[in-house]
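One structure below.
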Amino acid sequence: MDYVLRTNALCKKYKDFKALNGLSMNVPKGAIYGFVGKNGAGKTTLIRLICGLQEPTSGEYTLYGKKNTDIEILKSRRRMGAIVETPSIYLDMTAEDNLKTQYRILGLPSFDGMGDILKLVGLENTGKKKAKNFSLGMRQRLGIAVALIGDPDFLVLDEPTNGLDPQGMIEIRELILKLNRERQITVLISSHILDELSKLATHYGFIDNGRIVKEISADELEATCRKCVHMEVSDTKPLVRVLDQMKIDYKIIDHNSADVFAKINVSRLTAALSKENCEVISMQERDESLESYYVSLVGGKSNE
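Per the working numbering, the sequence shown runs over residues -15 to 288.
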């Protein structure tokens, strides 16, 4: 598998505080990588390091195969666009002037593609309206537009939906999905809004106290958090026979319990089990959300 970003035992200390404490993570090419953690867990610190805004205390990372100590890392960073903490926009400028300024900062010879970028983020009709009069969602989309100048293929977004209303969240989500699917841009999103991330991410990295506690793909997470009906019966052997006849997927837990992965016709199932002299003791719907999975990983620990 190709990786855009890999970190190895990254540490960042501020006096006696370890913001990152041996963090190792892997962001696959083409992924939307959900970087999940509480406020203060180390998400923004990691982003600042890979953007070159700070240096690690120890450990290393590679960006497009180039180590952070390699002079070639500068070329790799040119393939990145980023929003760190808040969008880098000038509030007294229009959307178009904000983009023109970024073109000049990057030393690009012309404003080619600017109209396409504004249209992509839905700001093509803002005219002379200044960014200070934009909604929060519009400012966030303008920040993403600025990050897209230079045609990056890796986008790093720090809490992009923080403070947005539901409509603003939907707009940012749809934009990120479009960039990933139509432009094949790899996206790293740090967030603590887990419900929103679950609608986007193809991969997850869960961070706690400055280190990754789990990396998992969305498919693996869905299998782990799969909805099921947990059944307790007098004996699972006849239950297996009945479920096999009904062609229903299941997992046997022990002699008296099983997880059944289907919508069950309760009357039909209990009637079939009764013929097999199998008694149903209890049935309970179960599913684990991303939030409950995260809590089970990190518990109620406070950040140190």
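All C-beta atoms in this analysis are idealised placements derived from N, C-alpha and C, irrespective of residue type, glycine included. From a predicted model like this one, the values you see are computed outputs, not experimental measurements.
Contact between V264 and M215 holds: CB atoms are separated by about 7 Å, below the 8 Å threshold. As a beta-bridge residue in DSSP terms, F190 pairs with V20 and K198.
DSSP, read as helix, strand or coil, puts M77 in coil. According to DSSP, residue pairing for T53 in a beta bridge does not occur.
Rounded to the nearest whole angstrom, the CA to CA distance from Q168 to M98 is 19 Å. In the structure shown, the three-state DSSP call for T(-9) is strand.
Its chain contains C(-5) as the residues whose beta carbon lies nearer than 6 Å to that of S42, once the 5 sequence neighbours on both sides are disregarded; these appear in chain order. Secondary structure within the region 216 to 245: the beta strand (DSSP E) runs of 3 or more consecutive residues, fully enclosed, are 234 to 238 and 241 to 244 (chain order).
By the CB criterion at 9 Å, A185 and A202 fall inside the cutoff.
Here H187 is buried: its Cβ has 16 or more other Cβ atoms, across all protein chains shown, within 10 Å. Between the beta-carbon of D142 and that of I200 there is about 21 Å, and that puts the pair past the 8 Å contact cut. The three-state secondary structure of K27, taken from DSSP, is helix. Bounds of the beta strand (DSSP E) holding M9 are F1 to P12.
Our two residues, N82 and I31, have alpha carbons roughly 23 Å apart in a direct line. Shown here for I236: same chain residues with a beta carbon closer than 6 Å to its own, the five before and five after excluded, namely T220 and A242 in chain order.
DSSP places L141 in the uninterrupted beta strand (DSSP E) bounded by F138 to D142. DSSP places S280 inside the alpha helix (DSSP H), whose first and last residues are L274 to V282. The secondary-structure analysis by DSSP pairs V264 across a beta bridge with V217. In its chain, beyond the 5 residues on either side, K114, A115 and K116 have a beta carbon closer than 8 Å to the beta carbon of D76. 9 Å or more divides the Cβ of G24 from the Cβ of F190. Annotated as distal: R195 and L(-11), with beta-carbon spacing of 9 Å or more. Note on geometry: alpha-carbon atoms of I128 and S276 lie some 30 Å from one another. Counted as a single uninterrupted DSSP element, the alpha helix (DSSP H) harbouring T254 occupies residues V250 to K259. Of the candidates I73, N240, R125 and D192, D192 places its Cα closest to the Cα of T29. For Y87, the three-state secondary structure derived from DSSP is helix. Here N52 is buried. Its C-beta has 16 or more other C-beta atoms within 10 Å. In this structure, DSSP gives I67 an extended state, which the three-state scheme calls strand. For D233, the closest of K247, P222, H239 and N240 by C-alpha to C-alpha distance is K247. Burial is judged here by how many other beta carbons sit within 10 angstroms of a residue's own beta carbon; A131 has at least 16 and is buried. In terms of Cβ geometry, I156 and Q124 form a close pair [threshold 9 Å].
Contact annotation: T46 and Y(-2) have beta-carbon atoms that are not nearer than 9 Å. K211 sits close to R270, with the two beta carbons spaced by under 9 Å.
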